[in-house]
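Data first, discussion second: the structure below is written as structure tokens.
Number of protein chains: 2
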Amino acid sequence: MKIRGTILHTPNKGQLEVLEDRVVSTDPLGVIISVVPYTDDCQPDIELDKSVVLLPGLVDTHVHAPQWPQLGTGLDEPLEKWLFKYTFPLEARYSDTSFAQRVWQSMVPKLLGQGTTTAVYFSSIHEAATTALAETCLAFGQRSYVGRVAMDHPDGTPDWYRDLSASDGVEASHRSIVDIRSMPGNKGLVQPIVTPRFIPACTDELLSGLGRLAEAESVLTQTHCSESDWEHGYVLERHGTSDTSSLESFGLLRDHSVLAHGSHLTEQDIHVAAEAGAGVAHCPISNSYFANAIFPLARALESGLRVGLGSDVAGGSQSNLFRQCEHAVTVSRMLDDGVDASVGAETRGVHNSRIDIPTAFWTATAGGAELLGIPVGVLAEGFVFDAIAVDIGPNSSVDLWPELDDWPRVFEKLVRCSTATDITRVWVAGNEVTTSSDNQLQSLQPS
Amino acid sequence: MKIRGTILHTPNKGQLEVLEDRVVSTDPLGVIISVVPYTDDCQPDIELDKSVVLLPGLVDTHVHAPQWPQLGTGLDEPLEKWLFKYTFPLEARYSDTSFAQRVWQSMVPKLLGQGTTTAVYFSSIHEAATTALAETCLAFGQRSYVGRVAMDHPDGTPDWYRDLSASDGVEASHRSIVDIRSMPGNKGLVQPIVTPRFIPACTDELLSGLGRLAEAESVLTQTHCSESDWEHGYVLERHGTSDTSSLESFGLLRDHSVLAHGSHLTEQDIHVAAEAGAGVAHCPISNSYFANAIFPLARALESGLRVGLGSDVAGGSQSNLFRQCEHAVTVSRMLDDGVDASVGAETRGVHNSRIDIPTAFWTATAGGAELLGIPVGVLAEGFVFDAIAVDIGPNSSVDLWPELDDWPRVFEKLVRCSTATDITRVWVAGNEVTTSSDNQLQSLQPS
Numbered sequence: 001m002k003i004r005g006t007i008l009h010t011p012n013k014g015q016l017e018v019l020e021d022r023v024v025s026t027d028p029l030g031v032i033i034s035v036v037p038y039t040d041d042c043q044p045d046i047e048l049d050k051s052v053v054l055l056p057g058l059v060d061t062h063v064h065a066p067q068w069p070q071l072g073t074g075l076d077e078p079l080e081k082w083l084f085k086y087t088f089p090l091e092a093r094y095s096d097t098s099f100a101q102r103v104w105q106s107m108v109p110k111l112l113g114q115g116t117t118t119a120v121y122f123s124s125i126h127e128a129a130t131t132a133l134a135e136t137c138l139a140f141g142q143r144s145y146v147g148r149v150a151m152d153h154p155d156g157t158p159d160w161y162r163d164l165s166a167s168d169g170v171e172a173s174h175r176s177i178v179d180i181r182s183m184p185g186n187k188g189l190v191q192p193i194v195t196p197r198f199i200p201a202c203t204d205e206l207l208s209g210l211g212r213l214a215e216a217e218s219v220l221t222q223t224h225c226s227e228s229d230w231e232h233g234y235v236l237e238r239h240g241t242s243d244t245s246s247l248e249s250f251g252l253l254r255d256h257s258v259l260a261h262g263s264h265l266t267e268q269d270i271h272v273a274a275e276a277g278a279g280v281a282h283c284p285i286s287n288s289y290f291a292n293a294i295f296p297l298a299r300a301l302e303s304g305l306r307v308g309l310g311s312d313v314a315g316g317s318q319s320n321l322f323r324q325c326e327h328a329v330t331v332s333r334m335l336d337d338g339v340d341a342s343v344g345a346e347t348r349g350v351h352n353s354r355i356d357i358p359t360a361f362w363t364a365t366a367g368g369a370e371l372l373g374i375p376v377g378v379l380a381e382g383f384v385f386d387a388i389a390v391d392i393g394p395n396s397s398v399d400l401w402p403e404l405d406d407w408p409r410v411f412e413k414l415v416r417c418s419t420a421t422d423i424t425r426v427w428v429a430g431n432e433v434t435t436s437s438d439n440q441l442q443s444l445q446p447s
Numbered sequence: 001m002k003i004r005g006t007i008l009h010t011p012n013k014g015q016l017e018v019l020e021d022r023v024v025s026t027d028p029l030g031v032i033i034s035v036v037p038y039t040d041d042c043q044p045d046i047e048l049d050k051s052v053v054l055l056p057g058l059v060d061t062h063v064h065a066p067q068w069p070q071l072g073t074g075l076d077e078p079l080e081k082w083l084f085k086y087t088f089p090l091e092a093r094y095s096d097t098s099f100a101q102r103v104w105q106s107m108v109p110k111l112l113g114q115g116t117t118t119a120v121y122f123s124s125i126h127e128a129a130t131t132a133l134a135e136t137c138l139a140f141g142q143r144s145y146v147g148r149v150a151m152d153h154p155d156g157t158p159d160w161y162r163d164l165s166a167s168d169g170v171e172a173s174h175r176s177i178v179d180i181r182s183m184p185g186n187k188g189l190v191q192p193i194v195t196p197r198f199i200p201a202c203t204d205e206l207l208s209g210l211g212r213l214a215e216a217e218s219v220l221t222q223t224h225c226s227e228s229d230w231e232h233g234y235v236l237e238r239h240g241t242s243d244t245s246s247l248e249s250f251g252l253l254r255d256h257s258v259l260a261h262g263s264h265l266t267e268q269d270i271h272v273a274a275e276a277g278a279g280v281a282h283c284p285i286s287n288s289y290f291a292n293a294i295f296p297l298a299r300a301l302e303s304g305l306r307v308g309l310g311s312d313v314a315g316g317s318q319s320n321l322f323r324q325c326e327h328a329v330t331v332s333r334m335l336d337d338g339v340d341a342s343v344g345a346e347t348r349g350v351h352n353s354r355i356d357i358p359t360a361f362w363t364a365t366a367g368g369a370e371l372l373g374i375p376v377g378v379l380a381e382g383f384v385f386d387a388i389a390v391d392i393g394p395n396s397s398v399d400l401w402p403e404l405d406d407w408p409r410v411f412e413k414l415v416r417c418s419t420a421t422d423i424t425r426v427w428v429a430g431n432e433v434t435t436s437s438d439n440q441l442q443s444l445q446p447s
């Protein structure tokens, strides 16, 4: 397949590259064979409108799929109360697989329509709902990691929503891995991922069992890490060490492990995680509500830590990753400046914390892909063609003034001001995907 | 006129009121005569679809109209550099009235389309561009305050963009008031407003002249106040007192005066401003970039200060006031919690700073209206019918789950997740307005 258009992407941290009027050629597996300037003999299959630009698809490294129905609401409590008041009761509903399917079939095409071509999902503890989520991702063609949530701690979970024992949790997680890998038609687009919720919700036995499972099955792991004062402090108290070191001791800090939030990581934690090849799913909006502090993104990147961006649906109230990019920049300014005017300017913030829009977009694409170890997020030879076409013309949400706006400004405006309605086409692994649940029955037939 | 629909509004601070299936009747001037439950004999002129709700129109108390073309970009510098690097050069372009008209005719319908039925504008220093802005607001039917910017300080402004002298500035501002008041067809929908940019850009002579002008012409005033460390500190150094007290001494702290930002107001400043009947245009997104601190909204409201919401286009990167509402809540959580994890939780933030979505929406509607002293922002008898119809159905950006979502949750989701495309109809003073510049030639004929 050959697509003609102008490419905007960030192949390196903070570096916007603009490739005007290119033709991207892909092989039958969706791998990009070449990106060349358009000439009359190119004969593209698809020619994008002049007002449309081509960007890499967005990689959301932290999505709680079952929390989708509470997106945008219920953010008034601290994390430890929010879980019991809103989130566990909602997640417990997914014992009803038909409810789960209704949610998945609504959510997956909407996320694709917002440009999320890769999603790393926490599901619920339910195996059937988890398998249904993986099936829905496959049917709609979304690249994804789907993790059955494991949680068994009698203090950190309610008795009506937990694994019955550590061994039950490990076995169910194992079966879920097998189920996802054996889905008909799945050629690696949808991957399982070992998913202990976080240390407060898991016994040591479950954590070590899941560490062994991840090793035995060669599968990625994800969990929450040093998210809030409470969560960070809880682990210090229970294990006498930080979240990161504790996860390492259980075999859960592996190459490409996804640590969600990390707002309270110390320098030492960042070093340990980076050495292991793990990284952080930075969830800027959610962190503003639940983390009690801002993740030091600039410092983490300088230290060589892998970082992707995450919506943290529904702790984060925006599933659209462009909104998360925008907020990542905004909170980096707030970390730099501080927030309380009654404190002197010199001590109010943490200087050198600022990032820019290209860096935020990099975390949402190439950075997330590096965190997961997958060749997407950049539109260049050898990468897989996961991409979105975004309208920035006069009828879009992006207001451009040709006499003022060069490409870097256009890109900034696109990231800050575009909405889902501006995304006109979405491709995953070279295949155009549907972004509407209207076609769900048709789409749910695996191709 | 009679409109049938379900009303969501916040008649009091933080109090959501839901009035299901009501009929709103208005008189020929757009004043609401009654709001009654629908019955078969109501015979409404307009029946909203079941998936659509009726909200008061949004009141944006701080918009820099000439900065519209840089919305979403150029936020990388501190305020004092940003002005000279990006903003003054852009504003200077408005000496070209045809450029100004192109911008206004694009901007005004877009703001209306986002639900901004009232806007308080800073224009540029140019009289012709300012009159053209007022004419455009009138033609499209947007309730607005339009202020020619006055600025003459040889240090605080560039020599290529300033009033030539204090008396020139006062006289030009006076002529602009007369021009706006005498526009054919203007029956008070578009009001002039005295607009010294801020103390660093104005000589004392200009400030006192503008104070006298506002008094003589009985016109509102607006300016920036205690916005950043630099701006707040500059006034302390030049006048030996805070911005608020200094403005008071120049006659610029009046009933319904709009003080933009106010992030560095002291308790004493809040008291002085509240006593004068003035209030703050709270601009949460802009403040995250330029104010070096978060405006203490909860504390200000408790102290009885009037507060409206402002986009601060283009220091604020989102013109859509729903985005500003969302961010007002988000930053209130960050002020409460603090940002730097290396500081102890007890001293990191400012406790009791949190606000909720109904409070944010109140600032964007009734609160802004009280700040300006106009009877809009509430859909009740005696108020003027400035309103928006918002689709929250299955094809909207708002994802609802009937088994989970009661009205307060629906409202939260609407504020956090709706986009301009979900706003289906907009009324100002009882008249439905166009929200597209496609009709601009037709619309620009005053009715």
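Protein sequence lines, in the order shown, are assigned to chains A and B.
Just so you know, we're using full-length UniProt numbering here: the first sequence kicks off at 1 and counts up by one.
Just so you know, we're using full-length UniProt numbering here: the second sequence kicks off at 1 and counts up by one.
Heads up, the beta-carbon is just placed ideally off N, CA and C, and yes, glycines get one too.
So which of A:76, A:419 and A:227 has the shortest CA-CA distance to residue 114 of chain A?
Answer by Cα proximity: A:419.
If the criterion is Cβ atoms closer than 7 Å, does the pair residue 260 of chain A and residue 281 of chain A meet it?
Yes.
Which value, in whole angstroms, describes the spacing of the CA atoms of residue 446 of chain B and residue 193 of chain B?
Only weak support exists for where residue 446 of chain B lies, its pLDDT of 39 falling under 50; the value from the coordinates is given anyway. Those two C-alpha atoms are separated by around 21 Å.
For residue 358 of chain B and residue 250 of chain A, what's the separation of their Cα atoms in angstroms?
Cα to Cα, the separation comes out at about 45 Å.
Tell me, please, which residues DSSP counts as bridged to residue 56 of chain A.
Answer by DSSP bridge pairing, in chain order: A:387.
I want to verify the contact list: residues of chain A whose CB lies under 8 Å from the CB of residue 419 of chain B, in sequence order.
Residues of chain A passing the Cβ test: 397, 419, 420 and 421.
Which class does residue 337 of chain A belong to by DSSP, given the choice of helix, strand or coil?
Helix, per DSSP.
Across which residues does DSSP place residue 8 of chain B in a beta bridge pair?
For residue 8 of chain B, which the question treats as bridged, DSSP gives the partners B:18.
On the CB-based measure, 16 or more other CB atoms within 10 Å of its CB, does residue 37 of chain B come out buried or exposed?
Counting Cβ neighbours within 10 Å, residue 37 of chain B comes out exposed, since fewer than 16 surround it.
With distances taken from CA atoms, which of B:84, B:106 and B:81 is nearest residue 434 of chain B?
Out of B:84, B:106 and B:81, B:106 has the C-alpha closest to the C-alpha of residue 434 of chain B.
Going by DSSP, which residues form a beta bridge with residue 149 of chain B?
In DSSP, residue 149 of chain B forms a bridge with B:195.
Could you tell me whether the region 214 to 228 of chain A touches the region 283 to 297 of chain A, where touching means 3 or more Cβ pairs closer than 8 Å?
The answer is yes - the region 283 to 297 of chain A touches the region 214 to 228 of chain A, with three or more Cβ pairs under 8 Å.
Just the Cα atoms here: how many angstroms apart are residue 443 of chain B and residue 394 of chain B?
Caution is warranted here: a pLDDT of 43 is assigned to residue 443 of chain B, below 50, making its placement in the model unreliable, and no coordinate value can be reported.
Which same chain residues, not among the five before or five after residue 297 of chain B, have their C-beta less than 7 Å away from its C-beta?
The residues are 282, 307, 328, 332 and 355.
By the 8 Å beta-carbon criterion, what residues does the region 141 to 175 of chain B contribute toward chain A?
Per Cβ criterion, the list is empty.
Going by DSSP, which residues form a beta bridge with residue 281 of chain B?
Residue 281 of chain B pairs with B:260 and B:308.
If you follow the beta strand (DSSP E) that residue 220 of chain A is in, where does it begin and where does it stop?
Element bounds for residue 220 of chain A: 220 to 225.
At a cut-off of 6 Å, is residue 152 of chain A close to the ligand SAH when judged by its beta-carbon and the heavy atoms of the ligand?
Inclusion of the ligand SAH in the displayed structure is not the case, the ligand content being empty and no account of it being possible.
Of the residues that make up the region 252 to 265 of chain A, which ones have a beta carbon closer than 9 Å to any beta carbon in chain B?
Listed in sequence order: 263, 264 and 265.
Going by DSSP, which residues form a beta bridge with residue 427 of chain B?
Residue 427 of chain B pairs with B:387 and B:432.
Mind listing which residues of the region 287 to 308 of chain A have their C-beta closer than 7 Å to chain B's C-betas, in chain order?
Listed in sequence order: 288, 289, 292, 293 and 294.
Chain B partners of residue 341 of chain A, CB-CB under 9 Å?
Neighbours of residue 341 of chain A on chain B, chain order: 226, 229, 232, 263, 264, 265, 266, 291, 292, 293, 294, 295 and 296.
Against chain A, with Cβ distances strictly below 7 Å, would residue 134 of chain B count as a contact?
False, the Cβ-Cβ gap to chain A never drops below 7 Å.
Can you tell me which of the three DSSP states residue 184 of chain B falls into?
Note: residue 184 of chain B maps to coil in three-state DSSP.
State yes or no: is the beta carbon of residue 237 of chain A nearer than 7 Å to at least one beta carbon in chain B?
No, residue 237 of chain A does not count as interfacial toward chain B.
With a cut-off of 7 Å, does the C-beta of residue 85 of chain B fall near any C-beta of chain A?
With 7 Å as the cut-off, residue 85 of chain B does not count as an interface residue toward chain A.
Shorter than 7 Å from the beta carbon of residue 375 of chain A to some beta carbon of chain B?
Chain B, which has no Cβ nearer than 7 Å to the Cβ of residue 375 of chain A, makes this no.
For residue 153 of chain B, which residues in the same chain have their Cβ closer than 6 Å to its Cβ, ignoring the five residues on either side in sequence?
201, 202 and 203.
I believe residue 145 of chain B touches residue 120 of chain B by the beta-carbon criterion, under 8 Å. Please report the beta-carbon distance rounded to the nearest angstrom.
At roughly 4 Å, the Cβ-Cβ gap stays under 8 Å, so residue 145 of chain B and residue 120 of chain B are in contact.
How long is the line joining the alpha carbons of residue 272 of chain B and residue 310 of chain B, rounded to whole angstroms?
Each residue's alpha carbon lies about 21 Å from the other.
Given a threshold of 16 other Cβ atoms within 10 Å of its Cβ, counted over all protein chains shown, does residue 212 of chain A qualify as buried or as exposed?
With fewer than 16 Cβ atoms within 10 Å of its Cβ, residue 212 of chain A is classed as exposed.
Going along chain A in order, which residues have a C-beta closer than 7 Å to the C-beta of residue 69 of chain B?
Correct list: 401 and 404.
Quick one, which of A:27, A:13 and A:49 has its alpha-carbon nearest residue 4 of chain A's?
Checked all of A:27, A:13 and A:49; the closest Cα to residue 4 of chain A is A:49.
DSSP on residue 158 of chain A, reduced to helix/strand/coil?
Coil.
Under 6 Å Cβ to Cβ from residue 191 of chain B, same chain only, skipping five residues before and after it: list those, please.
Same-chain partners within the cutoff: 145.
Kindly list, in the order they appear in chain D, the residues whose Cβ is closer than 8 Å to that of residue 285 of chain B.
This model lacks chain D altogether, as its protein chains are A and B.
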